[in-house]
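Going line by line, the protein sequences match chains A and B. Be aware that the first sequence starts at 0, since it is given in numbering that gives the first Met the number 0, and climbs by one per residue. Be aware that the second sequence starts at 0, since it is given in numbering that gives the first Met the number 0, and climbs by one per residue.
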Amino acid sequence: MYMNPNLFLLLLLGPILIWLGVVYVGSLFSLLLQSFFSIDEFTGLIVKEFTLKTYISLFSPSNFDIIIRTTSMAFVVTIVSAVIAFPIAFYMAMYTSKKTKAIFYVAVMVPLWSSYLVRVYSWKLILAKEGILNWLLELLHIDWLLDLVLHIPVIGGGTLSTSYIGTMIVFVYIWLPFMILPIQAALEKVPTSLLDASADLGAKNQQTFWLIIFPLTLPGIVAGSIFTFSLTLGDYIIPGIIGSSRFFIGQAVYIHQGTAGNIPLAAAFSVVPIIIMGIYLYIAKKMGAFEAL
Amino acid sequence: MANNSTIAVKFEKISRYFGEIKAVENLSFSVKEGEFFSMLGPSGSGKTTCLRLIAGFEIPDSGNLYIHNREMINTPPYDRDVNTVFQSYALFPHMSVEENITYCLMLKKINKRERLKKGEEMLELVQLPGLGNRKPSELSGGQRQRVALARALINHPSVLLLDEPLGALDLKLREKMQIELKDLQRKIGITFIYVTHDQQEALSMSDRIAVFNNGQIEQIGTTKEIYETPRTLFVADFVGSSNVIHGKLSEQIFDKNASFTIRPERIRILPLSEETPSNQEICISGKVTDIQYQGANFKYMVLLDGQHEIVVQQQNLRPNTKHLFQPKIGQEVRLVWNRLDSNEVIL
């Protein structure tokens, strides 16, 4: 059967290109476009004229607070995730046999197979005043320690489930697999001959870790942190269920495009994570995080 | 060459097992200071394990290891006065050539200026001046090999370990590097312990060779000893090629039921008509069954008494050279060699 190879290629690639171009990038572009519109404060109708008014309103104290709060949370969640994930990934990559590695993989992934909402609500119960965590701390007579932590201004609160600390704990729990897996993959790629060479040249284990293993795993850490950072920036469910009930970017977008009907402001809010991620990746590149790729 | 001098590395009844597999078993040998010592053998014969034992990457299950008379069993790699050139070079990909070479100086907290100076000196020694700022990924295989060498030598180790360092290079470059390595070893005079599976490489560079097989050393000796008086059939076969004469034929020729080897290039091929040789020489007749043209040599397959086949190698001389005899396939010939050239081996 005769068929024009170019036509064939077009038929194969066409649907995918349309998906990528129109649905994927196109909707992002329309989002960007709408952030340059504004809303008429009296009628509540969208004024389809180019203006920076919406962006300026992002810097109003209440909106800017939301941006700062979300970004700081994403930052802390990323650091804590990396600190917890690295030893786990390190153990998985360096010290496990084939069988225990499989067990580790399953243990890391299993939480992803159950509903996100179920897991968040169970954390609400765990962290609540009458929850299992408080019960345990009382049993051990160290509940005063928790009280002390909860008395820290800003990040503290009435209970863990209504404080920023609680929000942070749940974020870290939910995103942890996305940090462990890229780091583990990066560690697996470090040839053992490099570790031998480093020891051969006089490096003690700790020096080999900081001079060879860590720099070579940095791309994995950055990849993981892209996940944890951007997922935290965009999430609107966890801060709604656990925490101080102050708004995060995701919730602001949700409210403005829904009940408030201020689509331009919602669009402008959702551009913020994109810009922050751009800056973040730029800094990571400048610091040489991708050089070992 | 080192004779009667001090011992650089000494293995004393060392065994190393990986689970059920014995990598090396009850191994004892020593390497003299300043010699070029090769560990030759097929893959899985234990030679690389021996190298890793010296470097400290492996710990023996039993036995003792000495480097310059110091017991090394409990000494970690970073405290051993040996450095290694790895098979895959193991250059640090995120560091420049200069940072790679001066890695151990950096660990010793030597200041930057001194490091740069030493690094440049080493680059000159391995003939790569001015390449310090490149990344390993920007170098060719041969250049990486030289960087690995410079990195291993900068600390002036008492013993340099080389794990098939030329394995990844093409033939021409490999031959060139063989000469350079040998020159370098003469120049700096430190002990080289060289692991290879390439018998030609081992013969052309080493002072002494240890031939490994199944976690044991089959024979240890100078290159000449290894090639000309192999102790076992394995050595005779692995290093160069050999004709093996055993059974009835050996009784007929040597009056002894044993195994003898004879190198193909030590056998002369002569026409049937010539006079009987002296009794220093062995003479048997056979029929040429095949001839291989190999460029520099001809290889004749000669069938004796209908079952033993002997390979004879003859230099490819000018066809009209005096006394030159080049038989055709099917021709009856006589094979003659000196008694001293046949060598009894154990199986």
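Where is the CB? At the ideal position from N, CA and C, for every residue including glycine. In this text the structure is predicted, and so the values were computed from the model without any measurement.
For ASN5 of chain A, there are no CB contacts under 7 Å within the same chain when 5 residues up- and downstream are skipped. Two segments are said to touch when three or more pairs of C-beta atoms, one from each, lie closer than 8 Å; by this definition the segment 334–343 of chain B touches the segment 279–290 of chain B. PRO270 of chain B carries a strand assignment under DSSP once its states are collapsed to helix, strand and coil. Straight across, the Cα-Cα distance linking LEU19 of chain A with LEU27 of chain A is about 11 Å. Of the candidates B:ASN154, B:VAL8, B:LYS181 and B:GLY43, B:LYS181 places its Cα closest to the Cα of ALA201 of chain B.
With fewer than 16 other beta carbons inside 10 angstroms of its own, THR99 of chain A counts as exposed. Residue pairing for GLY285 of chain B: DSSP places it in a beta bridge opposite B:VAL332. Between the C-alpha atoms of VAL252 of chain A and VAL24 of chain A there is a straight-line separation of about 19 Å.
The Cβ-Cβ distance between ILE237 of chain A and ILE173 of chain A falls below 8 Å. Around GLY239 of chain B, the same chain offers GLN198, TYR226 and ARG262 as residues with beta carbons nearer than 7 Å, after the five sequence neighbours per side are excluded. Taking CB atoms only, GLN33 of chain A has no neighbour in chain B less than 8 Å away. In this structure, the CA atom of LYS117 of chain B is about 35 Å from the CA atom of ILE220 of chain A. Assigned with DSSP and collapsed to three states, GLU250 of chain B falls in helix.
Taking PHE246 of chain A as the centre and dropping the five residues before and after it, the same chain places the C-beta of ILE65 closer than 7 Å to its C-beta, in chain order. In the assembly as shown, HIS196 of chain B is a buried residue. Its beta-carbon has 16 or more other beta-carbons within 10 Å.
Contacts with chain B at 8 Å (Cβ-Cβ) include LYS203 of chain A.
In the structure shown, the three-state DSSP call for ASP78 of chain B is helix. Leaving aside the five residues that flank SER44 of chain B on each side, the residues in its chain whose CB is nearer than 6 Å to its CB run, in chain order, PHE211 and ASN212.
Along the segment 8–33 of chain B, the beta strand (DSSP E) occurs as fully enclosed runs of 3 or more residues at 20–31, listed in sequence order. Of all residues in the segment 107–128 of chain B, the ones placed with a Cβ closer than 9 Å to any Cβ belonging to chain A are LYS107, in chain order. In the structure shown, ALA267 of chain A falls within a helical segment according to DSSP collapsed to helix, strand and coil. With contacts defined as CB atoms closer than 8 Å, GLU217 of chain B and VAL243 of chain B fail to qualify as a contacting pair.
Two segments are said to touch when three or more pairs of C-beta atoms, one from each, lie closer than 8 Å; by this definition the segment 25–37 of chain B does not touch the segment 168–175 of chain B. Going by DSSP, TYR115 of chain A is part of the alpha helix (DSSP H) stretching over 115–126. For GLU48 of chain A, the three-state secondary structure derived from DSSP is coil.
Straight-line spacing of the CA atoms in LYS47 of chain A and SER37 of chain A works out to 7 Å. Residue pairing by DSSP puts GLU70 of chain B in a beta bridge opposite B:TYR65. If you check each beta-carbon in the segment 129–152 of chain B against every beta-carbon of chain A, the ones closer than 9 Å belong to LYS134, ALA147, ARG150 and ALA151.
Boundaries of the alpha helix (DSSP H) harbouring ALA185 of chain A: 163–187, taken from the DSSP string.
Here the C-alpha atom of PHE103 of chain A lies approximately 24 Å from the C-alpha atom of PRO214 of chain A. Within the DSSP secondary-structure output, PHE297 of chain B pairs in a beta bridge with B:TYR292 and B:GLN313. Listed along chain A is no residue with a C-beta nearer than 8 Å to that of HIS67 of chain B; the closest approach is about 17 Å.
Of the candidates B:ARG265, B:VAL287, B:ILE153 and B:ILE109, B:ILE153 places its Cα closest to the Cα of LEU122 of chain B. Within 10 angstroms of the beta-carbon of VAL344 of chain B lie 16 or more other beta-carbons, which makes it buried. Residues VAL84 and TYR193 of the same chain have their beta carbon placed closer than 6 Å to that of LEU161 of chain B, with the five preceding and five following residues left out of the count. Under a criterion of Cβ atoms nearer than 7 Å, the residues of chain A adjacent to CYS103 of chain B are, in order, LEU200 and GLY201.
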